[in-house]
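Everything on this sheet refers to the single structure shown next.
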Amino acid sequence: MAYKGWRHAVDIIVRNESQLAASLKRYRKKADLTQTELGRAAQLRQATISELEAGKGATLETLFTVLAVLNLELVVRPRRAVDDAALADLF
719 MAYKGWRHAV
729 DIIVRNESQL
739 AASLKRYRKK
749 ADLTQTELGR
759 AAQLRQATIS
769 ELEAGKGATL
779 ETLFTVLAVL
789 NLELVVRPRR
799 AVDDAALADL
809 F
């Protein structure tokens, strides 16, 4: 079960674990899923989702499983010059 409801795609710049964790939590909530529901859909424990959203202990496999369930993708590109303070305000 992958969430299919994203209408207005906006790139979110993520430069550290806490920003990635916050982004995943935000998208989970936008999908109106609890950690338990997301865990069930991803065949992961709720505690694993909690750890991922706290920026702790996740494997790449877990990350990509959750991204797939939330119908998200990871894009890697060269860094652009961005005001770090402005970027931090997003989280």
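In our numbering, the protein residues as written are 719 to 809.
The C-beta atom is built at its ideal place from N, Cα and C for all residues, glycine as well.
If you're wondering where the values come from, they're calculated on a predicted model, not measured in any experiment.
Quick one: using the 10 Å Cβ neighbour count with 16 as the cut-off for buried, is Ala739 buried or exposed? By the Cβ-count criterion, Ala739 is buried, with 16 or more other Cβ atoms from all chains shown falling within 10 Å of its own Cβ.
Where Ser741 and Ile730 are concerned, what is the direct C-alpha to C-alpha distance, given to the nearest angstrom? Spanning the two alpha carbons is a distance of roughly 8 Å.
Roughly how many whole angstroms lie between the Cα atoms of Arg798 and Glu755? Taking the straight line from one Cα to the other gives about 36 Å.
My output table needs one value for Ile767: the three-state DSSP class, helix, strand or coil. Correct three-state label for Ile767: helix.
Determine the DSSP secondary structure at Val787, reduced to helix, strand or coil. Looking at Val787 - three-state DSSP - the assignment turns out to be helix.
When you compare the CB of Ser768 with every CB in chain C, is at least one pair closer than 8 Å? Chain labels in this structure do not include chain C; a single protein chain is all it has.
How would you call Gly775, buried or exposed, if buried means at least 16 neighbouring beta carbons within 10 angstroms? Counting Cβ neighbours within 10 Å, Gly775 comes out exposed, since fewer than 16 surround it.
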